[in-house]
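Numbering (our numbering), first residue to last: 1166 to 1588.
Glycine included, each C-beta is placed from N, C-alpha and C at the ideal position.
Data block below; observations after.
Rendered as structure tokens:
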């Protein structure tokens, strides 16, 4: 008599637990399964869903079908029991997959994706929130946006700035070139003013017979010829380069030459122009030379009161070493010439002051001739004011005293070298 289905199941369980029988091992997942996880995970889920949706069909390999066949055939042998046990395990795994649990490949794929996500770090942006808080960056960004929005206006402003800079650079270059050219022409005029007087033919013979250095100064036959040549060149500088420093200095030299030519009125105009010029305003020495020349011009014209007044102005307004003493000496000269009541006493006092100031220890005055001429004039007014002059002072060959003509000639030479003043 055949066993019932319940008995058959119990027999199968005991056969599976028999100690002598080897246990079936579950298939292991190959090591390279993780590498294929990305490709197979999706397919596995799709198959599982398809199996879940498919209608359940009768499986000949299922335990129930096998049990029925065993029941029909009688007692199963050991091989059939092992096969049935493995089929049951396989069926159990399929059932788990149908309930939505992940299989081996799907689980490996999920772990792999998680590791990749952990390793990936977000890339830092160029401008961070901290960077955005920088006022300089904010202002730069705002300026950039404004420039783009007002591109046409910005381009116009930039172009105008470039044109302005180019204009300033061009003007500066032109002004510098103008000053350079004016100085070159002024040098030529000064060379004529200091030119030699003599016979050109004789000078040429003397130069040919001499082996020494050649004198390259311009040569003129007369003083008047030299003066006219220099005047022409000074006036050329004034007309070609108006407003330049060279033109103002040329006007100052023109006044001196007019004074030498006994033309006081045009000389007065020239000296007044220099005194009121831009250079005369900022350069005390230029203003002092203009005032000194103006005093000479009034003296030459016979207006001694205006001459004394001008020299007093020179004494009080020009703060340049030596000019105060020079102005006092000129006042004494004109006072002596005017010879009004008390003028000689005033002249004597002025000359004594000049003597004291010039002979003060440690002082180095720029007008070396002033000491001698001032002391000589003081001795003439009051012989007791100073000790008698020694014969070897200011003497010529053999220590003889220089005469008045020699003194005037020396002063004239010093004037032409920038010394100033006349006795």
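Bounding residues of the alpha helix (DSSP H) (the contiguous stretch that carries residue i)
i            : result
residue 1481 : 1469-1482
residue 1157 : The structure shown does not extend to residue 1157, since the chain spans only 1166 to 1588, so no value can be given for it.
residue 1435 : 1429-1440
residue 1399 : 1388-1405
residue 1420 : 1410-1425
residue 1528 : Segment: none, residue 1528 is in no alpha helix (DSSP H) and carries neither H nor E.
residue 1540 : 1534-1546
residue 1491 : 1488-1503
Status (buried if at least 16 other CB within 10 Å, exposed otherwise) for residue i
i            : result
residue 1366 : exposed
residue 1357 : buried
residue 1672 : Residue 1672 is absent from the structure shown; the chain starts at 1166 and stops at 1588.
residue 1294 : Confidence in residue 1294 is poor, its pLDDT being 44 and thus under 50, which makes the residue's placement unreliable; the coordinate value appears in the next sentence. Residue 1294 should be labelled exposed.
residue 1486 : exposed
residue 1528 : exposed
residue 1421 : buried
residue 1219 : Low local confidence applies: a pLDDT of 44 at residue 1219 is under 50, so the model's placement there is unreliable, with the coordinate-based value given in what follows. Answer is exposed; the Cβ neighbour count stays below 16.
residue 1297 : Confidence at residue 1297 is low in this model, with a pLDDT of 46, below 50, so its placement is unreliable and the value that follows should be read with caution. Exposed is the call here.
residue 1229 : exposed
residue 1435 : buried
residue 1243 : exposed
residue 1379 : exposed
residue 1246 : buried
residue 1309 : exposed
residue 1249 : buried
residue 1515 : buried
residue 1480 : buried
Option in the options with minimal Cα separation from residue i
i            : options                : result
residue 1472 : 1490, 1497, 1487       : 1497
residue 1478 : 1466, 1455, 1465       : 1455
residue 1416 : 1513, 1516, 1451       : 1451
residue 1490 : 1465, 1259, 1537       : 1537
residue 1494 : 1405, 1406, 1511       : 1511
residue 1404 : 1532, 1347, 1379, 1457 : 1347
residue 1549 : 1526, 1525, 1517, 1532 : 1517
residue 1430 : 1449, 1465, 1457, 1442 : 1465
residue 1457 : 1442, 1244, 1476       : 1476
residue 1488 : 1449, 1509, 1506, 1505 : 1449
residue 1532 : 1506, 1509, 1492, 1515 : 1492
residue 1442 : 1408, 1345, 1525       : 1408
CB contact flag (residue i, residue j, <8 Å)
i            : j            : result
residue 1483 : residue 1453 : yes
residue 1502 : residue 1520 : no
residue 1385 : residue 1426 : no
residue 1444 : residue 1410 : yes
residue 1163 : residue 1462 : Residue 1163 cannot be examined here, being either before or after the span of the chain that is shown, 1166 to 1588.
residue 1349 : residue 1398 : no
residue 1439 : residue 1413 : yes
residue 1459 : residue 1433 : yes
residue 1388 : residue 1351 : no
residue 1523 : residue 1530 : yes
residue 1551 : residue 1513 : no
residue 1400 : residue 1419 : yes
residue 1118 : residue 1544 : The displayed coordinates of the chain run from 1166 to 1588. Any statement about residue 1118 would go beyond what the structure contains.
residue 1406 : residue 1343 : yes
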